[in-house]
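**Q**
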Amino acid sequence: MGAQSAAQAAAVLKAVGDPLRLRMLSAIATDSRGESCVCDLQGLTDAAQPTVSHHLRLLKEAGLVVSERRGTWVYYRVAPSRADVVAVLLDLADSVASALGDPRANSETKE
């Protein structure tokens, strides 16, 4: 892997390396309307609007989502040029989560 490819891959992985951003990207990608507004994601995550907007900005900077302002709301959808990358990332995240199992089952209990 070349330096430029490694840098691009690292930037994308860093963008989805946060649990909240990963959940938001998954929600956007699986929304039946094909897009989610900040208000939808705020309700899903129970995070404050500025926090949601900050994380969405990072996903946008990584090229994973695109946005469109409609009135007072901003709607996000998976960037068409990165739809295949997003699908691979979300499949990988699901596979890793399944392989790890329930984290509560793996924690040691203190006696």
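Numbering-wise (our numbering), the sequence shown opens with residue 39 and increments by one.
Think of the CB as a built atom: it goes at the ideal place given N, C-alpha and C, for glycine as much as any other residue.
Just verifying my parser: in three-state terms, what is the DSSP assignment at V54?
**A** V54 falls in the coil class under three-state DSSP.
**Q** Tell me whether S136 sits in a helix, a strand or coil according to DSSP, three-state version.
**A** S136 falls in the helix class under three-state DSSP.
**Q** Could you give the DSSP three-state label for R71: helix, strand or coil?
**A** In this structure, R71 counts as coil in the three-state DSSP scheme.
**Q** Would you kindly check if the distance between the Cβ of A85 and the Cβ of L155 is under 9 Å?
**A** Missing from the structure shown is residue 155; the chain here goes from 39 to 149 and no further.
**Q** Taking all protein chains shown into account, do 16 or more other C-beta atoms lie within 10 angstroms of the C-beta of V134, making it buried, or fewer, making it exposed?
**A** Exposed, since its Cβ has fewer than 16 Cβ neighbours within 10 Å.
**Q** Whole angstroms is fine: what's the gap from R71's alpha carbon to A41's?
**A** So the alpha carbons of these two residues sit roughly 37 Å apart.
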